[in-house]
Amino acid sequence: MLYLERPSWLILFMLFPLFILLRKAGFFLRPAFPLILGNWGAPVLSWRSPFTRFVRLVGTAAAVIAFFLAVLALSGPVRLTNEAVFSKTGNTVIFILDVSPSMAASDMDGSTRLDIGRQYIRSFAGARSGTAFGLVGLGSSAALLVPPTADHQIFLDRLDALAIGEFGDGTALGLGIAVAAAHGASSDGVPVTVILLTDGENNAGEVHPETAASVLASSGAGFYVIGIGSRGPVQVEYVDPVSGTRYSGILESEFDESALASIAAAGNGTYVAAQDRPALDEVFKDIDRSVPVITSSWTRSVEQPLSAVLLRYVLIFGGIAWFFRRIVLGAVI
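Be aware that the sequence shown starts at 35, since it is given in my numbering, and climbs by one per residue.
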């Protein structure tokens, strides 16, 4: 929505037709004296260069545009928009993302398991403005990378920065769940959902996954375990972020679904398998339906003055008019 703070300045638009009338009446013409260089009584020789007419037209049009924009700027145009302000987060979702080397397998329609997981997490977060998101990364160890925050850009930036092998070449599922449980429990009265995205069995860490999952369940948090990836030989290629060494080869992809299902059951959660992109798409649709969007917000009106923007264009078009009439034509305005 647009409105004017000082609409009375629009009366200056009346100066334009007044200027045209006065100019036609000869008020702004420079004094000139005819000098006849032809035969007496012969037709007057007249010639106008197409280039000169074009330059004069461009200079005049730029001056007219600059005038109209200047009047609009003086009238104080303001754009009014409404934006949602969240007084507090409605709910919290913590993603536990496996970044062990097997997540570099390219068996998700040409994309790696990590990249496709990131894509769906980003889409999921984009549809939930009032939700706080947290991020836990896991490999041989685990760490909280982003505490639950309503600043989605911070969450997404760290998500994009995650690298294969950042936490070693193991899979410490128990540590990842324990980290999420510790920080999810601190959300006072806010519904918490923890989503684990992995393609492997627990083979590292000091905490048993089912123990960590039971602690998570005792906090009342919702829990989803997503087993991503296909079975069989898959191509794996990644660069170790610590040593810079490039690894490439064939991985015999196998993981025990029953173990992941047991972890989900210990956390009173749900296990779902996603062996390809369509399956993962259905998984996230189901989670989206199951995890409610709870918001606590109010709407405020934000005013954005546009005068400064218009004045920049006034300077641009005024400069064009001055250049064509003063420099190109050599006119005295």
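Where a beta carbon is used, it is the ideal one built from N, C-alpha and C, also for glycine.
Simplified DSSP state of A184, which is helix, strand or coil: coil
Quick one: using the 10 Å Cβ neighbour count with 16 as the cut-off for buried, is L209 buried or exposed? buried
Which class does R280 belong to by DSSP, given the choice of helix, strand or coil? strand
Beta-carbon proximity of A293 to Y305, cut-off 7 Å: no
Decide yes or no for the touch test of the segment 227-246 against the segment 201-215: beta carbon pairs closer than 8 Å, at least 3 of them. yes
Are the CB atoms of P182 and F126 within a distance shorter than 7 Å? Going by the sequence as given, residue 126 is Thr instead of Phe. Yes, the Cβ-Cβ distance between T126 and P182 is below 7 Å.
Simplified DSSP state of S335, which is helix, strand or coil: strand
Unbroken alpha helix (DSSP H) runs of length 4 or more, entirely within the segment 133-176: which are they? 147-160
Look at G173 and S134 and say whether their C-beta atoms are less than 7 Å apart. yes
Helix, strand or coil for R40 per DSSP? coil
Roughly how many whole angstroms lie between the Cα atoms of L148 and R334? 38 Å
Measure from the alpha carbon of G254 to the alpha carbon of each residue in E291, V170 and G301, then state which is nearest. G301
What's the C-alpha gap between L196 and Y272? 13 Å
Classify S282: buried if its beta carbon has 16 or more other beta carbons within 10 angstroms, exposed otherwise. exposed
Go through its chain and collect everything with a Cβ distance to L44's Cβ below 7 Å, but skip five positions before and after it. V105 and S109
Ignore the nearest five residues each way along the sequence and tell me which others in D290's own chain have a CB closer than 6 Å to its CB. E235
Closer than 6 Å by C-beta to R360: which residues in its own chain qualify, once you throw out the five before and the five after it? Chain order, please. none
Take the Cβ of I284 as the centre, count every other Cβ of all protein chains shown within 10 Å, and call the residue buried at 16 or more, exposed below. exposed
Under 7 Å between C-beta atoms of A100 and G352: yes
Is G301 helix, strand or coil by DSSP? coil
Going by CA-CA distance only, name the one from A161, A166, V170 and T165 that's closest to L131. V170
For G263, the three-state DSSP class (helix, strand or coil): coil
Looking at the strands, I want to know which residues DSSP matches up with L349. L349 is not bridged to any residue.
In this structure, how does DSSP classify E286 when only helix, strand and coil are distinguished? strand
Name the residue from S248, A139 and L363 whose alpha carbon lies nearest to the alpha carbon of A215. S248
Going by C-alpha distance, which of F61, P41, S136 and P111 is nearest Q269? S136
Anyone know if the C-beta pair for I262 and D233 falls short of 7 Å? yes
Check whether the Cβ atoms of Y347 and L103 sit closer than 7 Å, and answer yes or no. yes
Looking only at C-alpha atoms, which of S287, A176 and D191 sits nearest to G239? A176
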